[in-house]
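Since the structure comes first, as structure tokens, the remarks are kept for the end.
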Amino acid sequence: MIAPVLPTYARAPVSFDRGEGSWLIATDGTRYLDFGAGIAVCALGHAHPKLVAALEDQGRRLWHTSNLFHIPRQEELAEKLTAHTFADTVFFTNSGAEAVECAIKMARKHFSAAGQPERHRIVTFEGAFHGRTLATISAAGGAKLVDGFGPLLPGFDHVPFGDIDALKAAIGPETAAVMIEPVQGEGGIRPVPREALREIRAACDEHGILLILDEIQCGMGRTGKLFAHEWAGIAPDIMAVAKGIGGGFPLGACLATEHAASGMTAGTHGSTYGGNPLACAVGAAVMDEITAPGFLDAVNAKAGYLRQRLGELADENPDIIEGIRGEGLMQGVKLRDGHAAADLVAACRDEHLVTVGAADNTMRILPPLNVSDADLAEGVARISRACTRLRAA
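This is the structure:
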């Protein structure tokens with residue numbers, strides 16, 4: 185008999201009742217250190233007082249009106265985002281997948297409005313994850329995502345991860361854009377080399393096409409910059425953002441230059457809930473915290489400490505850990521053949537540490553950006569004990 189909740193998730197055998205900073209408290213009272221942050225969503229941890237205050241204040245005023253009217257909190261958040269990024273304009277969504285959908289539509293509409301409707305194809309990279317809608321699984325193309333859901337949406341050309349020559353060869357007269365995650369999250373915490381990002385930007389400029397970045401997981405301070413592409417000194421034309429932007433409240437956004445968004449006129453796109461007052465009130469509070477003086481400096485300091493401790497962990501467990509990779513507080517523990525990342529995630533959970541699995545036999549470490557050094561050290565110690573459990577299994 186099917187469960188009342190559609191059984192599409194292989195859920196861990198634990199339920200959480202509340203959270204405090206970097207900690208989760210299960211329904212039985214057990215405390216878990218959270219190095220998953222709801223898959224990089226709870227950027228400021230759990231029950232952050234400023235986010236709670238923003239939500240409570242807005243919740244007493246107004247929840248929803250729809251986008252048939254001006255929404256002051258939405259305009260406030262859009263101004264904060266455009267002030268701190270490359271973007272001139274923002275479309276708000278409820279999720280990352282919706283933000284990517286908007287990006288895809290925007291790129292196609294840009295060329296259609298310019299009299300080049302044949303330019304509709306988008307080059308993407310193997311190992312990518314852009315969401316679970318038909319368009320976004322078509323964009324990613326991975327077998328695990330698309331099996332059983334065909335026919336897929338046409339218009340995407342997939343090239344090997346990191347293969348710039350293949351990318352350049354895939355660009356043709358029907359190409360509208362290149363879409364890439366600066367750091368693949370679901371794909372196994374695989375950063376795109378900074379020089380490669382610069383080459384991709386240059387290729388887009390050379391061919392007069394748009395660069396779409398998916399910073400849903402690696403954005404909002406996760407790598408030590410507000411957005412990961414800043415490390416390469418480039419800017420996209422369109423960018424999908426979600427997860428950390430709402431700090432736990434469902435919120436996404438598609439950021440764009442005025443040039444890229446030139447075809448998106450009244451009636452071309454919409455959302456009933458996207459950018460509602462509740463979400464944007466919380467999003468504005470998140471932006472204020474992450475862009476506050478010294479916040480990202482602290483993230484980088486914590487990231488350096490975490491990377492050092494993870495490096496020591498890898499040295500102490502060479503039979504299990506092949507290597508550590510990532511950027512900022514977005515780190516991956518790559519396991520050797522013969523050991524499964526899912527088993528290490530389970531062993532960490534037995535040590536009351538929450539982590540997240542990923543492709544390429546990798547365990548993701550995504551603590552809140554304001555995690556303490558003491559909690560980072562405690563988390564690594566628990567991973568060490570989990571390695572001992574894994575070895576003994």
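Under the numbering used here, think of the first position of the sequence shown as 185, with each following residue one higher. By construction, the Cβ of each residue, glycine as well, lies at the ideal position given by its N, Cα and C atoms.
(1) Would you kindly work out how many angstroms separate the C-alpha atoms of R202 and G243, rounded to a whole number?
(2) Who are the Cβ neighbours of A531 in its own chain at under 7 Å, not counting the five residues just before and after it?
(3) Could you tell me the alpha carbon to alpha carbon distance between S556 and G467, rounded to whole angstroms?
(4) Consult DSSP for L190 and reduce its assignment to one of helix, strand or coil.
(5) Are the beta-carbon atoms belonging to A543 and G371 less than 7 Å from one another?
(6) Would you kindly check if the distance between the Cβ of V367 and the Cβ of E511 is under 7 Å?
(7) If you check the beta carbons only, do A498 and I508 fall under 7 Å apart?
(8) Using three-state DSSP, classify R374 as helix, strand or coil.
(9) Once you ignore the five residues that flank H413 on each side, which residues in its own chain have a CB closer than 6 Å to its CB?
(10) Taking the beta carbon of R385 as the centre, do at least 16 other beta carbons fall within 10 Å, making it buried, or is it exposed?
(11) Could you check if V236 is buried or exposed, using at least 16 other CB atoms within 10 Å of its CB as the buried criterion?
(12) Whole-angstrom Cβ separation of A416 and I400, contact assumed at under 8 Å?
(13) Could you please give me the residues that DSSP links to V362 through a beta bridge?
(14) Among the residues of its own chain, which have a CB less than 6 Å from the CB of W247, if the five just before and after it don't count?
(15) DSSP state of E514, grouped into three classes?
Taking the coordinates as given:
(1) Going from the Cα of R202 to the Cα of G243 covers about 20 Å.
(2) Apart from the 5 residues on each side of it in sequence, A531 sits with its Cβ closer than 7 Å to the Cβ of A570, R573 and L574 in its chain, given in chain order.
(3) Near 23 Å, if we compare the C-alpha coordinates of G467 and S556.
(4) In this structure, DSSP gives L190 a state outside helix and strand, which the three-state scheme calls coil.
(5) The answer is yes: Cβ separation under 7 Å.
(6) For E511 and V367, yes; Cβs fall inside 7 Å.
(7) Against a cut-off of 7 Å, the Cβ pair of I508 and A498 comes out as a contact.
(8) In the three-state reduction of the DSSP assignment, R374 falls in the strand class.
(9) So the qualifying residues of the chain are P366 and L397.
(10) Buried, since its Cβ has 16 or more Cβ neighbours within 10 Å.
(11) By the neighbour-count rule (16 or more Cβ atoms within 10 Å), V236 is not buried but exposed.
(12) At roughly 18 Å, the Cβ-Cβ gap does not stay under 8 Å, so A416 and I400 are not in contact.
(13) Under DSSP, V362 shares a beta bridge with V307 and L395.
(14) Only L462 meet the Cβ criterion.
(15) As written in the sequence, residue 514 is Met, which differs from the Glu given in the question. Strand.
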